[in-house]
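> Here's a structure for you.
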Amino acid sequence: MKTLLARVTSNRPLFIKLLVASFLVNILALATPIYVIQVLQRYVAYGVSSTLVTLILGVTFIVIFEFFFRNIRHRMAREYELKNVEIANMVLTKLNNIKSHIYEVSFKLRNDLINKNLNIIQNTFSASTILIILDVPFTIIFLLALFLIHYQIGLICLFFLLIPFLIDRVYSAKINKLSKQSELIQSSVFRIFDNVITRNLSIKFYALTNPIAKSWNFLANRTANNREDLEAEKNLTSSFSSSIGSLLTISVIGWGATLAVDGQISVGALIGANILAARALMPLVRYVGTKNNLLLAENSMNEINEYLKIPSDISEGASIKDFKGHIEIRDLFFQYPNTKNPIFESLNLSFGPGNIVSIIGSNGSGKSTLVNIFSSVLEITRGNILIDGVELSQLSKTWYRNQIAFSPQEPKFIDGSLKDNLIGSNKVKESDFMRILKEVDLANYINNRENGINTQFEDRGETLPVGIRKRMSLARAMVKQSQLFVLDEPTEGLDKAGKETVITLIKNECLKNKSIIIATNDQEIVNISDILIDMSSKPKPNISMVKK
């Protein structure tokens, strides 16, 4: 509610226009009850046809005006919905710039929640909701009209207008609590679906069906119970709202009838008062009906704001005009947060163009960690990394990553064409691109596809063979024509021909005076390396120069 009000009042000129339009709409809404009163008092009493025609034409004209004003008002309120687009763009920008290691650790299973929160914000912080809230203060117009008819009817209506707020006070907290519980349950359900879809073979081969089914049955029962309680509370508040309208009509007509018999008001005024009372109640009932959604949207906005506070990569910083690929590391130390022991310490090394540096070691020794440090995915705990003599921390992360030909251990792709995935926004000549495809042995595979390089992925390439994905990753890295290559297990999962292709590629890039860093235990790559960093040696990695 606070967020929506702050958004509405942030654009003062538009806010004033909406207030004026809302005032006019609600003033014009008085036309119908006034018409009823006048017809019953003037035409029915005297039977003058010209009076009836005049009243009909006048009220019709006003109703048409009210229709146009309502639509104009809604169109103005839609300008506030642009903020929802702005928020979505901010989230996308954050996703693109968030520090990679934070994203992997903290948000791997929260992307569904981010999307859910955005949908709640877009559906709730809408023009219709804004107009519902703006109509609430103008209830006083109808209430004043009732007091003008008779103060006792006005007091009756005022009493019933307070009841929706009382109902909201009693039930909204409980509904909000049940809604939050529902969100947590649905998040757990999403994780089960994600496991079933992405870990399907593991579930089938390793007898994991029963644990999955057990978790599913537990969540299904919780979902059913939570939904039953939530629907019961919502139905109760909805029933109360409907009953309030009926009770208001009964009270106004019943008490008003006694006033009419006493001659204090006319029958026409009584019927008009009933219409006015219903119009006064309507905005409040609609507001209470949206209150729970407003609370959910407020919570979603708070979660989005917390998400937007997460540190982003620094795009500002220095760049090196003529990047060569010289790297020097001094007293490097790295330890993951909330762990007892460092991955490594006291690492010192210097290498440059034409050098092949292989990072070797057992599984879990920290090979990929060091690769991620070189590629600026992870930040060092202590020490210095100099890139062509400049501190890595002083360089723009965006610029530095554009200088790296990076091929991760598990290549990931996006929905789109082969061309989109391999070239992206890089500029490369077609002749150079075709040469790269031949060097990584992808040309035949692509040429055999019906749409060639324009073949579309709808599964992010996850069903492609490992060898093809590895080759695509290497091709994507080479398209950047960088001075620094960082490769994580480039031959893992490849057949003999694939390994030979990778080793030939590494040799060729080395001859082109490129700096090459490789995490591997492949002996053939080790044999062509200049420097070996053995991560199995703890805590200080063992560095050895290879004699050729």
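Okay, so the sequence shown: first residue is 4 according to this note's numbering, each after it adds one. We put the beta carbon where it would ideally sit given N, CA and C, even for glycine.
Just to confirm, are M79 and A34 a CB contact at a threshold of 8 Å?
In the sequence shown, counting from the first residue as 1, residue 79 sits at position 76. In the sequence shown, counting from the first residue as 1, residue 34 sits at position 31. Not closer than 8 Å, so no.
> Which of helix, strand or coil does DSSP assign to F150?
Along the sequence shown, one-based indexing puts residue 150 at 147. Of the three classes helix, strand and coil, the one that applies to F150 here is helix, per DSSP.
> For a test of the three-state rule: what should DSSP assign to D138, helix, strand or coil?
Residue numbering aside, residue 138 sits at position 135 when the sequence shown is read from its first letter. If DSSP states are grouped into helix, strand and coil, D138 belongs with the helices.
> Identify every run of the alpha helix (DSSP H) within the stretch 282-307, keeping only runs that are complete inside it and at least 4 residues long; order them along the chain.
Listed in chain order, there is nothing to give.
> Three-state secondary structure (DSSP) at N341?
Within the sequence shown, residue 341 is the residue found at index 338, counting from 1. In this structure, N341 counts as coil in the three-state DSSP scheme.
> Going by DSSP in three states, R385 sits in which element: helix, strand or coil?
Start at 1 with the first residue of the sequence shown, and residue 385 comes out as number 382. Here R385 sits in strand by DSSP.
> Which residues in the same chain have their Cβ closer than 6 Å to the Cβ of L27, if we skip the five residues on either side of it in sequence?
Looking up residue 27 in the sequence shown gives position 24. Result list for L27: F72, in chain order.
> Could you check which residue in L398, P345 and E89 has the C-alpha nearest to that of A321?
Start at 1 with the first residue of the sequence shown, and residue 321 comes out as number 318. Nearest C-alpha to A321: L398.
> In terms of residues, what are the limits of the alpha helix (DSSP H) holding A263?
What you label residue 263 is simply residue 260 of the sequence shown in a count that begins at 1. Here the alpha helix (DSSP H) through A263 covers T212 to V264.
> Quick check on DSSP: helix, strand or coil for I332?
What you label residue 332 is simply residue 329 of the sequence shown in a count that begins at 1. Strand at I332.
> Compute the Euclidean distance between the alpha carbons of P340 and V374, then round it to the nearest angstrom.
Locating residue 340 in the sequence shown gives position 337, counting from the first residue. Locating residue 374 in the sequence shown gives position 371, counting from the first residue. Their Cα atoms are separated by approximately 18 Å.
> Quick one, which of C513, S518 and E495 has its alpha-carbon nearest Q561's?
Residue 561 is absent from the structure shown; the chain starts at 4 and stops at 551.
> Would you report the Cα separation of E82 and D334, rounded to the nearest angstrom?
If you number the sequence shown from 1, residue 82 lands on position 79. If you number the sequence shown from 1, residue 334 lands on position 331. If you take the alpha carbons of E82 and D334, they lie about 56 Å apart.
> What residue does the alpha helix (DSSP H) around V88 start on, and which one ends it?
Within the sequence shown, the letter at position 85 stands for residue 88. Start and end: L85 to N100.
> Among residues of its own chain, excluding the 5 on either side of Q484, which ones have a beta-carbon nearer than 6 Å to its beta-carbon?
Working through the sequence shown from its first residue, we reach residue 484 at position 481. So the list is empty, once near-sequence residues are dropped.
> Measure the Cβ-Cβ separation of N516 and G357 and say whether it is below 8 Å.
Here residue 516 corresponds to residue number 513 of the sequence shown, with the count starting at 1. Here residue 357 corresponds to residue number 354 of the sequence shown, with the count starting at 1. Yes, they are a contact pair.
> Residue range of the alpha helix (DSSP H) that D435 falls in?
Stepping through the sequence shown from its first residue, residue 435 is reached at position 432. Here the alpha helix (DSSP H) through D435 covers E433 to E442.
> Find the nearest neighbour of Y154 within the set L58, I471 and Q267, judged by alpha-carbon distance.
Along the sequence shown, read from residue 1 onward, the residue named residue 154 stands at position 151. Of the candidates L58, I471 and Q267, the one whose C-alpha sits nearest the C-alpha of Y154 is Q267.
> Counting only the same chain and skipping the five closest in sequence on each side, list residues whose C-beta sits under 8 Å from that of L299.
In the sequence shown, residue 299 corresponds to position 296, counting from 1. For L299, where only same-chain residues beyond five positions count, the Cβ hits under 8 Å are I123, T127, N179 and S182.
> Exposed or buried, E492, counting other C-beta atoms within 10 Å across all chains shown (16 or more means buried)?
Your numbering for residue 492 matches position 489 in the sequence shown. Under this definition E492 is a buried residue.
> Taking 6 Å as the limit between beta carbons, can you name the residues of its chain near R385, skipping five residues before and five after?
The count along the sequence shown starts at 1 and reaches residue 385 at position 382. The answer, listed in chain order, is F336.
> If I follow the unbroken beta strand (DSSP E) through L535, where does it start and stop?
The sequence position of residue 535 within the sequence shown is 532, counting from 1. First-last of the beta strand (DSSP E) with L535: I534 to D537.
> Would you grab the beta carbon distance between K324 and Q486 for me? Rounded to a whole angstrom, and I think it's under 8 Å.
For the purposes of this step, residue 324 is taken as the residue at position 321 of the sequence shown. For the purposes of this step, residue 486 is taken as the residue at position 483 of the sequence shown. Wrong, their Cβ atoms sit about 13 Å apart, outside the cutoff.
> The alpha helix (DSSP H) with A32 in it runs from where to where?
To locate residue 32, count along the sequence shown from 1; it is residue 29. It is not in any alpha helix (DSSP H) - A32 carries neither H nor E in the DSSP assignment.
> Mark N450 as exposed unless 16 or more other C-beta atoms lie within 10 angstroms of its C-beta, in which case mark it buried.
Taking the first residue of the sequence shown as 1, we reach residue 450 at position 447. Classification of N450: exposed, given that the 10 Å Cβ count is below 16.
> Could you give the residue range of the alpha helix (DSSP H) that holds F2?
No statement about residue 2 is possible, as the shown extent of the chain runs from 4 to 551 and does not include it.
> Anyone know if the C-beta pair for N424 and R474 falls short of 8 Å?
Numbered from its first residue, the sequence shown carries residue 424 at position 421. Numbered from its first residue, the sequence shown carries residue 474 at position 471. In this structure, R474 does not lie closer than 8 Å to N424 by Cβ.
> Which residue's Cα is closest to the Cα of S532: T142, R172 and I362?
Position 529 of the sequence shown, counted from the start, is the residue given in the question as residue 532. Comparing Cα-Cα distances from S532 to each of T142, R172 and I362, the minimum goes to I362.
> Specify, as a first and last residue, the run of the alpha helix (DSSP H) that A321 falls within.
Counting from one through the sequence shown, the residue named residue 321 turns up at place 318. No alpha helix (DSSP H) holds A321; DSSP gives it neither H nor E.
> In this structure, does DSSP put E552 in helix, strand or coil?
Residue 552 cannot be examined here, being either before or after the span of the chain that is shown, 4 to 551.
> Could you check which residue in E465, V469 and L146 has the C-alpha nearest to that of A281?
For the purposes of this step, residue 281 is identified with residue 278 of the sequence shown, where counting begins at 1. Out of E465, V469 and L146, L146 has the C-alpha closest to the C-alpha of A281.
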